[in-house]
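A.B. asks: First to last, the protein sequences are chains A and B. To get our numbering, take the position in the first sequence, counting from 1, and add 32. To get our numbering, take the position in the second sequence, counting from 1, and add 274. In this text, a Cβ means the ideal position worked out from N, Cα and C, and glycines have one as well.
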Amino acid sequence: MLCEQCKQREATTHIRRVINGVGEEHHLCAACAQASGLFEGGLSLPEFGLHLGGLFSGFLGESAAALPAASARRCPFCGSSLHEIIQSGNVGCAQCYDTFYDQLEPTLQRVHGSLEHSGKNPESDPKTISRNQKAKRLKALKEQIAAAVREENYEAAAQLRDEIKRLEGGEEDAGSV
Amino acid sequence: MPEAYENQNDIVLSTRVRLARNLAEYPFPARLDIKGRQKVCEAAHAAALAIAPELEYIDMAELSRAKAVSLAERRLCSAAFAQRDQGGALLLRKDCRVSVMLCEEDHIRLQAYAPGLALREAWELADSVDTAFSRKLNFAFSEQLGYLTQCPTNLGTAMRASVLLHLPALARLGRVGRLAESISKLGLTIRGAFGEGSDAEGALFQLSNQVTLGITEQAALENLQAITLQIAEQERLAQRELLKDPAIENKVWRALGLLRYARRLDSKEALQLLSLAALGACGGALELPLDAIYQLMTDVLPATLSLDPAAAGDRDAARATLIRERLKAES
Chain A
33 MLCEQCKQRE
43 ATTHIRRVIN
53 GVGEEHHLCA
63 ACAQASGLFE
73 GGLSLPEFGL
83 HLGGLFSGFL
93 GESAAALPAA
103 SARRCPFCGS
113 SLHEIIQSGN
123 VGCAQCYDTF
133 YDQLEPTLQR
143 VHGSLEHSGK
153 NPESDPKTIS
163 RNQKAKRLKA
173 LKEQIAAAVR
183 EENYEAAAQL
193 RDEIKRLEGG
203 EEDAGSV
Chain B
275 MPEAYENQND
285 IVLSTRVRLA
295 RNLAEYPFPA
305 RLDIKGRQKV
315 CEAAHAAALA
325 IAPELEYIDM
335 AELSRAKAVS
345 LAERRLCSAA
355 FAQRDQGGAL
365 LLRKDCRVSV
375 MLCEEDHIRL
385 QAYAPGLALR
395 EAWELADSVD
405 TAFSRKLNFA
415 FSEQLGYLTQ
425 CPTNLGTAMR
435 ASVLLHLPAL
445 ARLGRVGRLA
455 ESISKLGLTI
465 RGAFGEGSDA
475 EGALFQLSNQ
485 VTLGITEQAA
495 LENLQAITLQ
505 IAEQERLAQR
515 ELLKDPAIEN
525 KVWRALGLLR
535 YARRLDSKEA
545 LQLLSLAALG
555 ACGGALELPL
565 DAIYQLMTDV
575 LPATLSLDPA
585 AAGDRDAARA
595 TLIRERLKAE
605 S
């Protein structure tokens, strides 16, 4: 297949992208692909290197293929954008994990096979940290339970209720230590 | 077969447990300028003075290039960190059992070492220093994701435990590649010891845990321990098999001859010869002190060697002299 741009060289780069549900395809030679700007501002091509960060950014680039809305957002603490995180394979700060959790989650799942830490907890002020975390999780669970009830999915709602009970019980314990 | 080796130290040179930690108040190092990094270094230094005054504070900007690279050769910091000048520091215990990289990939990378296969010992040391630091510093942590790290591949325990292995027979038989494939399925990874993507010069490999989220430190260490024991056993079997081959036996003796009599050796050749000599010693073909050979595998590396004033002129000559003297004195 010839490059759709210059119609001279063989097309070696094939791009399919979906933006807001509308798909488009491009077949370009290496030089025209470079010049097209399709990779600038959008998401970089996944680069699979030996460096784990590179590997990670490769994964992310794949899974975050249609996130124009999210890419404009920046972390309120360090100012990183999702685009920067994907390009560098480095997360900007601790808070980025909250800010971009939804976008990072599928990749984290894929890299680690799990999304639940088990192991050591830091000893510095564990109560405050766990309270903040619990408050956040409780809020999310309560939103989910409301949605489950609206959808009349009572089985899921019952499970969520148990989870909330467990968390609230846990918080009392932590507070009383 | 020579007498039993302690802590598998015929195959396992050393154990390292590394913990990554970040201060909640600062962006991760890649988002910090030099001033920001210096602040992080100062905060960690102040904490270290309070909890572990025996740790020496080394500003990487004030080190000569050779000294910095030698730290990396002795695995006390990463190769990338050795290239750092401004905004990076190392906390180092005199006996080199604890080193803490400040503002490497994470704010804090605490490493504890032990000779041979000693995962529990190294973990307990790393754990105790980490706990002491956590009383002075506010570590970024989430109940769900564990310790928060700059690279998401380290989330969770943020613990990388590794053992340095000498696998001359498995490497020579071309079995390390297959080994790497099968252990990757078990959440572990093996690579050449001289950095990511490096060739395994001197048949030195680093085996470490890969998965950090959803698995406790203990479980990861037990995994690594079990696989290390299996690899060590495979290596011993392969060594015996290999040394039955007269061509290999000849190579081993020739290596000893060169090590004892050569006048100039570059570091690559020295590593290859030392590795062969170690193979001969492990398999019982040569009577040589293995610990001295393994020590030389670090001491002949270019930067470490250059710190010796005797190496000022001709480094390859100094390397050959060092090896000759050590092997003469030890045997």
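Would you check if the region 481-489 of chain B and the region 422-441 of chain B touch, i.e. whether three or more CB-CB distances between them fall below 8 Å?
C.D. replies: With the cut-off at 8 Å, the region 422-441 of chain B and the region 481-489 of chain B touch.
A.B. asks: Can you pull the chain B neighbours of H59(A), defined as C-beta to C-beta under 9 Å?
C.D. replies: The contacting residues do not exist; H59(A) stays about 33 Å from chain B at best.
A.B. asks: Going along chain B, which residues have a C-beta under 7 Å from S112(A)?
C.D. replies: Here the neighbours are R305.
A.B. asks: Between the alpha carbons of L579(B) and C377(B), how many angstroms are there, rounded?
C.D. replies: Cα-Cα distance, rounded: 27 Å.
A.B. asks: What does the Cβ neighbour count give for R528(B), buried or exposed, with the cut at 16 atoms within 10 Å?
C.D. replies: That one is exposed.
A.B. asks: Using only the alpha-carbon positions, how far apart do Q504(B) and I285(B) sit?
C.D. replies: Each residue's alpha carbon lies about 11 Å from the other.
A.B. asks: Could you pull the start and end residues of the alpha helix (DSSP H) that T289(B) belongs to?
C.D. replies: From DSSP, T289(B) is part of no alpha helix (DSSP H) but of the beta strand (DSSP E) over 286-295.
A.B. asks: With respect to the alpha helix (DSSP H) encompassing A577(B), which residues constitute its N-terminal and C-terminal limits?
C.D. replies: From DSSP, the alpha helix (DSSP H) with A577(B) extends over 576-580.
A.B. asks: What is the rounded straight-line gap between the Cα of L329(B) and the Cα of V181(A)?
C.D. replies: For L329(B) and V181(A), the distance between alpha carbons rounds to 57 Å.
A.B. asks: Run through chain A and tell me which residues come within less than 9 Å of P576(B), C-beta to C-beta.
C.D. replies: Per Cβ cutoff of 9 Å: no residues; P576(B) is ~23 Å from chain A at best.
A.B. asks: Buried or exposed: which applies to S338(B), given that a residue is buried once 16 or more other Cβ atoms fall within 10 Å of its Cβ?
C.D. replies: Label assigned to S338(B): exposed.
A.B. asks: L478(B): which of A335(B), V450(B), L438(B), I457(B) sits nearest, CA to CA?
C.D. replies: Selected option, being the one with the closest Cα: L438(B).
A.B. asks: Please return the same chain residues whose Cβ sits closer than 8 Å to the Cβ of G531(B), not counting the five positions on each side in sequence.
C.D. replies: Nothing listed; no residue qualifies.
A.B. asks: Report all residues from its chain with a CB closer than 8 Å to the CB of Y214(A); omit the five preceding and five following residues, and keep chain order.
C.D. replies: This structure does not reach residue 214(A), given that chain A is present from 33 up to 209, and the question cannot be answered.
A.B. asks: Return no unless some Cβ of chain B is closer than 8 Å to the Cβ of E148(A).
C.D. replies: It does; some Cβ of chain B falls within 8 Å.
A.B. asks: So that I know if they touch, is there some Cβ in chain A lying closer than 8 Å to that of S541(B)?
C.D. replies: Not an interface residue.
A.B. asks: Taking a Cβ distance cut-off of 7 Å, strictly less, list which residues of the region 278-297 of chain B are near chain A, in chain order.
C.D. replies: Here the close residues are N296.
A.B. asks: Starting from the beta carbon of V485(B), find every residue of chain A whose beta carbon is closer than 9 Å, and list them in chain order.
C.D. replies: The answer, in chain order, is V143, H144, G145, S146.
A.B. asks: By alpha-carbon positions, which one of L495(B), Q357(B), M334(B) ends up nearest to A396(B)?
C.D. replies: It is L495(B) whose Cα lies nearest to the Cα of A396(B).
A.B. asks: Tell me T45(A)'s beta-bridge partners as DSSP assigns them.
C.D. replies: Per DSSP, L60(A).
A.B. asks: Output, in chain order, the set of chain B residues within a Cβ distance shorter than 7 Å of A126(A).
C.D. replies: What A126(A) touches in chain B: N296, A298, A414, L422.
A.B. asks: In the DSSP assignment, what residue or residues form a beta bridge with Y387(B)?
C.D. replies: R290(B), per the DSSP bridge assignment.
A.B. asks: Given 7 Å as the limit, tell me if T578(B) has its C-beta closer than that to any heavy atom belonging to the ligand NAP.
C.D. replies: Inclusion of the ligand NAP in the displayed structure is not the case, the ligand content being empty and no account of it being possible.
A.B. asks: Determine which residues share a DSSP beta bridge with E330(B) and list them.
C.D. replies: Note: E330(B) sits in a beta bridge opposite L366(B).
A.B. asks: Using 8 Å as the limit for Cβ to Cβ distance, is P138(A) near chain B?
C.D. replies: It does not; no Cβ of chain B falls within 8 Å.
A.B. asks: What does G145(A) pair with, by DSSP beta-bridge criteria?
C.D. replies: Beta-bridge pairing links G145(A) to no other residue.
A.B. asks: For P301(B), would you say it is in contact with chain A, using Cβ-to-Cβ distances shorter than 8 Å as the test?
C.D. replies: Interface residue, yes.
A.B. asks: I'd like to check one pair, A443(B) with A512(B): are the Cβ atoms closer than 8 Å?
C.D. replies: A contact, by the Cβ cut-off of 8 Å.
A.B. asks: Does the beta-carbon of E116(A) have 16 or more other beta-carbons within 10 angstroms, so that it is buried, or is it exposed?
C.D. replies: Buried, since its Cβ has 16 or more Cβ neighbours within 10 Å.
A.B. asks: Quick one: which chain A residues come within Cβ less than 9 Å of T572(B)?
C.D. replies: In chain order: nothing, as chain A lies at least about 23 Å away.
A.B. asks: Whose C-beta lies closer than 7 Å to the C-beta of R514(B) among residues of the same chain, with five residues either side of it excluded?
C.D. replies: Excluding residues within five positions, the ones whose Cβ falls inside 7 Å are G557.
A.B. asks: From S408(B), A388(B), R311(B), pick the residue whose C-alpha is nearest to that of N153(A); which is it?
C.D. replies: It is S408(B) whose Cα lies nearest to the Cα of N153(A).
A.B. asks: Can we say the region 534-546 of chain B touches the region 588-604 of chain B, given the rule of at least three CB pairs closer than 8 Å?
C.D. replies: Touching, yes, given that three or more Cβ pairs across the two stretches are closer than 8 Å.
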